[in-house]
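Student: Please find one structure pasted underneath; my questions will follow.
Residue numbers (our numbering): -6 to 185.
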């Protein structure tokens, strides 16, 4: 199972996420989240990530002008809500966030089923399973995932990947090395 650890705010946490086995690290930008970082902080985090780990700029902005500063950080992918479109020449993968009840999208490289947005609120099982069964693009599961529930979530929903933020933190934006390692280990050892 592939794992994205999101809400990374420091180079140290990025390195710890990679050491734990994360396939992708997410940095929140242009957001009211306590995990939101400046473009300079995002560039430092992305520079610390190995070339075999995907970097994701996560934003809740609906302002096209914010995209220039996000794209200037040179992430591998940009995670956006349903209403924002990236320029066709952006040369990044697009991950679209869907909330329960949203129609599936195929104008992206993957969808993230998440009604939580870093608040730790649990995902909607029925909606997530429906998305996995009918989506033409990979489905990433997020929302309230922890070491205590991710194994069952993987077995019942069968997503392409899982995305965790608050479930591996001691405080918003402060990742816990032990929790990140345990989370990734559970994901890797859960039988589908």
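Every residue, glycine too, gets a C-beta built ideally from N, C-alpha and C.
Owing to the predicted nature of the structure, the values given are computational and were not obtained by experimental measurement.
#1: Assuming residue 66 and residue 39 form a contact by the criterion Cβ under 8 angstroms, report the distance between their Cβ atoms to the nearest whole angstrom.
#2: For the region 6 to 20 against the region 161 to 181, do three or more pairs of beta-carbon atoms, one drawn from each stretch, fall closer than 8 angstroms, so that the two count as touching?
#3: Any idea what DSSP makes of residue 174, helix, strand or coil?
#4: Between residue 4 and residue 49, is the Cβ-Cβ spacing less than 9 angstroms?
#5: Quick check on DSSP: helix, strand or coil for residue 37?
#6: Could you compute how far the alpha carbon of residue 81 sits from the alpha carbon of residue 59?
#7: Who pairs with residue 47 in a beta bridge, going by DSSP?
#8: Using 8 angstroms for Cβ pairs, my map puts residue 77 next to residue 54. What's the rounded Cβ distance?
#9: So that I know if they touch, is there some Cβ in chain B lying closer than 9 angstroms to that of residue 104?
#10: If distances are taken between C-alpha atoms only, which option among 83, 51, 32 and 100 comes closest to residue 157?
#11: How would you label residue 116, buried or exposed, when you count the other beta carbons within 10 angstroms and need 16 or more for buried?
#12: Compute the beta-carbon to beta-carbon distance between residue 106 and residue 134, rounded to the nearest angstrom, for a pair I have assumed lies under 8 angstroms.
#13: What are the boundary residues of the alpha helix (DSSP H) that includes residue 59?
#14: Between which two residues does the alpha helix (DSSP H) holding residue 127 run?
Tutor: According to the structure data:
#1: As a position in the chain shown, residue 66 is number 73, starting the count at 1. As a position in the chain shown, residue 39 is number 46, starting the count at 1. Contact between residue 66 and residue 39 holds, since their C-beta atoms are separated by about 6 angstroms, short of 8 angstroms.
#2: yes
#3: Residue 174 sits at position 181 when you count from the first residue of the chain shown. In the structure shown, residue 174 sits in a helix (DSSP, three-state: H, G or I).
#4: As a working note, residue 4 is residue 11 in the chain shown. As a working note, residue 49 is residue 56 in the chain shown. No. Outside cutoff.
#5: Within the chain shown, the letter at position 44 stands for residue 37. In this structure, residue 37 counts as helix in the three-state DSSP scheme.
#6: The residue given as residue 81 occupies position 88 in the chain shown. The residue given as residue 59 occupies position 66 in the chain shown. C-alpha separation (whole angstroms): 16 angstroms.
#7: The residue you call residue 47 lines up with position 54 of the chain shown. Answer by DSSP bridge pairing, in chain order: 17.
#8: Reading the chain shown from its first residue, position 84 is the one you call residue 77. Reading the chain shown from its first residue, position 61 is the one you call residue 54. Confirmed, Cβ separation roughly 7 angstroms.
#9: Absent from the structure is chain B; it holds one protein chain and no more.
#10: For the purposes of this step, residue 157 is taken as the residue at position 164 of the chain shown. Selected option, being the one with the closest Cα: 51.
#11: Taking the chain shown and counting its residues from 1, one reaches residue 116 at position 123. By the 10 Å Cβ count, residue 116 comes out buried.
#12: The count along the chain shown starts at 1 and reaches residue 106 at position 113. The count along the chain shown starts at 1 and reaches residue 134 at position 141. Correct: roughly 6 angstroms between the Cβ atoms.
#13: Mapped onto the chain shown, residue 59 falls at position 66. It spans 57 to 65 - the alpha helix (DSSP H) in which residue 59 sits, taken as one unbroken run.
#14: Residue 127 sits at position 134 when you count from the first residue of the chain shown. First-last of the alpha helix (DSSP H) with residue 127: 118 to 127.
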